[in-house]
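Position 223 of the sequence shown, counting from 1, maps to 222 under numbering that gives the first Met the number 0, and the rest follow consecutively.
Backbone N, C-alpha and C define an ideal beta-carbon position, used for all residues, glycine too.
Since we're looking at a predicted model, the values are computed, not measured.
Below: the structure, in structure tokens.
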Amino acid sequence: MFNIKPFFNQLMQPTCILCEAKAHHTLGICADCWQDLPWQALSGCPQCGLPASGNTCGSCLTDPPFFDATHALFEYAYPIDALLQALKYQHALHLARLFAAISLKHVSASDVDCVLPMPMHPARIQQRGFNQSLELAKRITKLLHKPLATHHCQRIRNTPPQASLPLKSRVSNIKAAFTCDDYFVGKHVAIVDDVMTSGASLNELAKTLKAAGAAKVTCWVMARTY
Ligand SMILES: [Zn+2]
Ligand SMILES: [Zn+2]
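Structure (structure tokens):
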């Protein structure tokens, strides 16, 4: 007689996406790998997410960014860097689901009014066929039951990728790159992005949103570089 037990076990015990162990897991990651993930320290600066023993850091005190808070899930380190690159360059959409689910386990978003993915210029979308921040934001809004504000904000300048520039040039590169409508008046906007490095793009977008009347802007990023 045909034995379905091995197939049943396979179904009930999928392997860990990181080490392939057949183990109890959360969201496809086994307990050992889950514990070893480069979780962002809880003591980061609440405004910019950089390590700061839980208080607002010196740089946010002297030269505050336009965004009010930053939630970074992870430090941009192995294996999170590899997973985010797979999402971005190999269109590994199951990873967008994974990051969305982890986000909602770790970030309280009850006072967020809408979610805005970091906009990508139409020419860049056409080139790459994919905006990883939109894919993350779509899945987050689905789980969160909050509106996705994509159509109210555009990237109007097709600037060179921030990652290709030295940190010093990133602020001028991204200047006046976005435009948004009055949808955001009085709203708490959560900007979703995959990686936060200098924060220049997020800051410019937050500046545009605040100028359009947004009450509060939170950066919601999967990983933060230091
Ligand atoms: Zn594992
Ligand atoms: Zn700070």
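Between the options, which lies nearest to residue i when the distance is taken from Cα to Cα?
{"i": "PHE65", "options": "PHE129, GLN46 and PRO78", "result": "GLN46"}
{"i": "ALA108", "options": "TRP219, ALA76, LEU204 and THR224", "result": "TRP219"}
{"i": "GLY198", "options": "ALA162, LEU135 and LEU115", "result": "ALA162"}
{"i": "LEU36", "options": "ALA76, SER132 and VAL191", "result": "ALA76"}
{"i": "VAL111", "options": "ALA175, MET119, PHE183 and CYS152", "result": "PHE183"}
{"i": "VAL84", "options": "SER42, SER132, GLN125 and SER52", "result": "Note that residue 84 corresponds to Gln in the displayed sequence, not to Val. For the residues SER42, SER132, GLN125 and SER52, the minimum Cα distance to GLN84 belongs to SER132."}
{"i": "HIS151", "options": "LYS215, ALA51, HIS187 and PRO118", "result": "PRO118"}
{"i": "SER168", "options": "SER200, CYS179 and LEU26", "result": "SER200"}
{"i": "HIS70", "options": "VAL191, HIS144, ALA214 and TYR225", "result": "VAL191"}
{"i": "TRP38", "options": "GLU203, ARG123 and PHE98", "result": "PHE98"}
{"i": "VAL106", "options": "THR224, LEU41, TYR225 and ALA214", "result": "LEU41"}
{"i": "LYS215", "options": "VAL114, CYS18, PHE129 and GLN126", "result": "VAL114"}
{"i": "ARG127", "options": "GLY43, LEU86 and ILE28", "result": "LEU86"}
{"i": "SER52", "options": "GLY43, SER58 and CYS59", "result": "GLY43"}
{"i": "TYR225", "options": "ASN130, LEU164, ALA213 and MET195", "result": "MET195"}
{"i": "GLU134", "options": "GLN125, HIS93 and PRO63", "result": "HIS93"}
Beta carbon of residue i, beta carbon of residue j: below 8 angstroms?
{"i": "PHE247", "j": "ALA222", "result": "Coverage of the chain is limited to positions 0 through 225, which leaves residue 247 absent and any answer about it impossible."}
{"i": "THR217", "j": "ALA91", "result": "no"}
{"i": "ALA136", "j": "PRO160", "result": "no"}
{"i": "ALA211", "j": "LEU142", "result": "no"}
{"i": "ALA95", "j": "ARG138", "result": "yes"}
Would you kindly work out how many angstroms separate the C-alpha atoms of residue i and residue j, rounded to a whole number?
{"i": "ILE173", "j": "THR158", "result": "7 angstroms"}
{"i": "CYS32", "j": "PHE177", "result": "39 angstroms"}
{"i": "LEU232", "j": "PRO78", "result": "Since the first residue of the chain shown is 0 and the last is 225, residue 232 is not available in this structure."}
{"i": "ALA20", "j": "PRO13", "result": "9 angstroms"}
{"i": "ILE16", "j": "HIS120", "result": "32 angstroms"}
{"i": "LYS186", "j": "ALA148", "result": "11 angstroms"}
{"i": "ALA30", "j": "ASP181", "result": "45 angstroms"}
{"i": "SER171", "j": "ILE28", "result": "40 angstroms"}
{"i": "ALA175", "j": "LYS209", "result": "13 angstroms"}
{"i": "THR140", "j": "ASN130", "result": "16 angstroms"}
{"i": "ARG123", "j": "ASN202", "result": "21 angstroms"}
{"i": "PRO63", "j": "GLY57", "result": "9 angstroms"}
Around the Cβ of residue i, are there at least 16 other Cβ atoms within 10 angstroms (buried) or fewer (exposed)?
{"i": "LEU49", "result": "buried"}
{"i": "THR207", "result": "buried"}
{"i": "THR55", "result": "exposed"}
{"i": "LEU166", "result": "exposed"}
{"i": "ASP193", "result": "buried"}
{"i": "ARG154", "result": "buried"}
{"i": "THR61", "result": "exposed"}
{"i": "HIS144", "result": "exposed"}
{"i": "CYS59", "result": "buried"}
{"i": "CYS179", "result": "buried"}
{"i": "THR25", "result": "exposed"}
{"i": "ALA213", "result": "buried"}
Notebook entry, point to check: Near ligand 2, which residues have their beta-carbon closer than 5 angstroms to a heavy atom?
Noted result: CYS44, GLN46, CYS47, CYS56 and CYS59
Item checked: For review: beta carbons within less than 5 angstroms of any heavy atom in ligand 1 -> CYS15, LEU17, CYS18, ALA20, CYS29 and CYS32
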